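Numbered by mature numbering (1 follows the signal peptide of the UniProt record, and there is no 0), the letters in the sequence shown go through residues -18 to -1, 1 to 547 in order. Glycine is no exception: its CB is placed at the ideal position from the N, C-alpha and C atoms. The structure presented is a predicted model; accordingly, all values stated were derived computationally and were not measured.
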Amino acid sequence: MLLRLTVLFLILNRFSFAVPYNNVIDVDFIQSMTDGNEVATKFLKQNAVNYEFLKNTYEAKKPSKMPYLDKPLIPKVMHHVWDGDLPPLYQNYFDECKKLHPDWEFKFWSDEDIRSLNLENQDLYDKSRDYAGRSDIARYEILYKFGGVYRDLDVKCLRPIDDLNHKYDFFAPIEYPITYWPAVINNGIIGANAGHPVLKRTLDIIRQNYDTQWEVFDLGNEKTADELYMMVAKVSMLPLTQSFIEQTKPDDKSIALPASYFYGISNVSYYTFWEDVKSIMQNRSPDFSTAFRFFKPETLMHHNVKKEEIFSSDFFEGNCFKDPQIKSFLDSLSKPNKRKLKSFLHVYNDLYPSKISFNKVSKITQVLHFVIFDRAELKILETNLDDWKMQNAAFEFKIWDQDKIKSEFKEFDNSDNFRFYIGLKILEKFGGSYADYRSKPHKPIFELNNKYNFYAGFMPLIDKDSKISLSQKLIGASPKHPIISSTLSKVNSENLFQINDVLTAQAYEKIYLYNEVNAKNIVFPAIYFEPFADLPKDTLWNKIYRFIFRIPKAFSKLTDFVVVE
């Protein structure tokens, strides 16, 4: 009997089939490379040879045309090159990748580990002038020797990439178009089987040109790479594109995937001379609307070259205060409301995301709470829940229904104010983030939870009777935070309708109260959490102003800064 079971196990194991995720979808090549931006399209086509080859290769081997093989062509090993402790953002990305790839092996290569490999190109590794150059040499040789997927530590995993390993023996992303090097392959993510010819040829090209290229740079004759980081990329990243074009054949399993597979919230500015002039005339930043602002259904990973996820808006632009209609509402605010606004402005200017560093330990726990009252609300939540989980893979998600609410809290009501009240009670007791069940995410919230001890966002000013108020869409706090606790102490069933006013007042009074580890409190401009608003009909003058300067109505479109809508 034991022998029969053993034989059966071996047979099943021998013929078992991997289950595909079916999450690698086809895209329109140009749309994926440019995000529909006309200037980006012009940049892309400037390098006609690379553009045509990469486009034709993708069209011939797009995911739907490649069979899914039971045995992966690329080993499920994720390689990283790093020495020392991981910075908080990189650690979060690593945790997310491990969670999304539970059956993969994860390998870190330190300088000592790399030297123990006796690299064939050890001399190039030693001569490299910065860490990035050394890492480039190491990644090519490691993949050539062992196979697997190399991932830069600033690459965020959004969806499992297993299907790529089962369809291709080499893959890498094409970088979004840039002025000096359009249509090139980026080496921040590379998947390859051991001994792949693209990797061997890449190393050969680097060796052939290395000394000559650096001599030209040192003599001051380099024309396309004036800074060291650009020169390093020219010497050790660009050869990957040349090698791919030389080595790739129509019937092989090598592919370069267009940008949107591996670039999401990149905030890439493409604008012409006249758009610069227009932004100066309007006294606004030219990067208010950019390409590659959001994750797409095809985005598997995001190469976060800017090392930030929550971009920093100007306070006035972020509240649309320069818009003629909103400015009139701002001018109509009462003096107490203007005082509140000024205090929040000062705090924001001191603590906006790009101004403060990540903390080794997040100030707010990575838990996201939702409150629902019935199955209909659960169904609405489920339409966006996958996106919440995709963008925040390392978070814990808790859905509070009636039964769970009644087990923790005595009160119950089915109004939105009560829902928000329960959300604040949850935050006071457990900490974390509360999001309205109807909210749709556009950015990960790890950075918010890591850097701040309390965060919220403004409601837009929508008429001349508006007052300063906070959004109920998304709020985060550590347990027993004084802003939350003092709000709850002043709210009961009889004045629940005033919960927003009370919260705003307590945030104003206690926004400067930091805890013993100097955690920060902040209120974000309205476009972060409330990108849309129903505004009164515009005056004729405002319409003329918008027509002349070609600007949309305030709170009528998604911007680069939106976190939720």
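DSSP state of residue i, grouped into three classes?
i: I444; result: coil
i: I167; result: strand
i: S467; result: helix
i: N38; result: helix
i: L55; result: coil
i: G413; result: coil
i: I119; result: helix
i: R528; result: helix
i: N477; result: coil
i: M212; result: helix
i: F543; result: coil
i: E94; result: helix
i: P423; result: strand
i: I381; result: strand
i: H178; result: coil
i: N29; result: coil
i: K502; result: strand
i: Y132; result: strand
i: G439; result: strand
i: E78; result: helix
i: F340; result: coil
i: V217; result: helix
i: V250; result: strand
i: A(-1); result: coil
Whole-angstrom Cβ separation of residue i and residue j, contact assumed at under 8 angstroms?
i: Y416; j: I457; result: 5 angstroms
i: D144; j: K58; result: 7 angstroms
i: F226; j: Y245; result: At roughly 18 angstroms, the Cβ-Cβ gap does not stay under 8 angstroms, so F226 and Y245 are not in contact.
i: P513; j: L540; result: 5 angstroms
i: I381; j: F352; result: 5 angstroms
i: P142; j: H83; result: 6 angstroms
i: N477; j: Q454; result: The Cβ separation is near 16 angstroms, so there is no contact.
i: T281; j: L140; result: 6 angstroms
i: F153; j: L220; result: 18 angstroms between Cβ atoms; not a contact.
Do you know how far the Cα of residue j is from the Cα of residue i?
i: K386; j: V1; result: 35 angstroms
i: I119; j: R401; result: 55 angstroms
i: V546; j: P423; result: 4 angstroms
i: R111; j: F128; result: 26 angstroms
i: V473; j: A114; result: 55 angstroms
i: A487; j: D296; result: 23 angstroms
i: F326; j: S468; result: 18 angstroms
i: N103; j: S117; result: 12 angstroms
i: V9; j: T39; result: 13 angstroms
i: K149; j: E209; result: 38 angstroms
i: R97; j: P155; result: 28 angstroms
i: N19; j: Y494; result: 42 angstroms
i: residue 552; j: G66; result: Only positions -18 to 547 of the chain appear in the structure, and residue 552 is not among them; the question remains open.
i: Q28; j: S218; result: 22 angstroms
i: L485; j: I404; result: 13 angstroms
i: F270; j: V250; result: Only weak support is given to the placement of F270: the predicted model assigns it a pLDDT of 46, under 50, and the value that follows is read from those uncertain coordinates. F270 and V250: Cα-Cα distance of roughly 11 angstroms.
i: S267; j: E393; result: Per-residue confidence for S267 stands at a pLDDT of 49, beneath the threshold of 50, marking its modelled position as unreliable; no derived number is given.
i: L333; j: I504; result: 7 angstroms
i: K492; j: V329; result: 11 angstroms
i: residue 577; j: S448; result: The structure shown does not extend to residue 577, since the chain is modelled only from -18 to 547, so the question has no answer here.
i: I292; j: D542; result: 9 angstroms
DSSP has residue i in a bridge; who is on the other side?
i: S236; result: F152
i: M283; result: C139
i: residue 588; result: The requested residue 588 does not occur in the structure, where the chain is confined to residues -18 to 547.
i: E87; result: V59
i: Y434; result: K502
i: I172; result: Y132
i: H351; result: K380 and Y416
i: G458; result: S415 and Y437
i: L452; result: F440
Once the 5 residues before and after residue i are set aside, which same chain residues still bring their CB inside 7 angstroms of it?
i: F303; result: K309 and L312
i: T223; result: N32, V166 and I167
i: N432; result: P70, F340, N341, S344 and K345
i: L106; result: I119, I188, R189 and Y192
i: D445; result: F311 and P518
i: K138; result: Y75, E78, M283, H284 and N286
i: L(-9); result: Note that L(-9) scores a pLDDT of 42, beneath 50, so its modelled location is shaky and nothing firm can be said.
Going along the chain, which residues of its own chain have a beta-carbon closer than 8 angstroms to the beta-carbon of residue i, five neighbours each way excluded?
i: E498; result: In this prediction, E498 scores a pLDDT of 45, lower than 50, which makes its location untrustworthy; the coordinate-derived value is nonetheless stated afterwards. Excluding residues within five positions, none has a Cβ falling inside 8 angstroms.
i: Y211; result: D112 and A114
i: L55; result: N147, H148, K149, Y150, D151, N175 and K235
Within its chain, find whatever has a CB closer than 6 angstroms to the CB of residue i; leave out the 5 residues flanking it on each side and keep chain order.
i: P442; result: A508, E512, A515 and F537
i: L323; result: I450
i: F379; result: L350
i: L185; result: N103 and Y122
i: E87; result: V59
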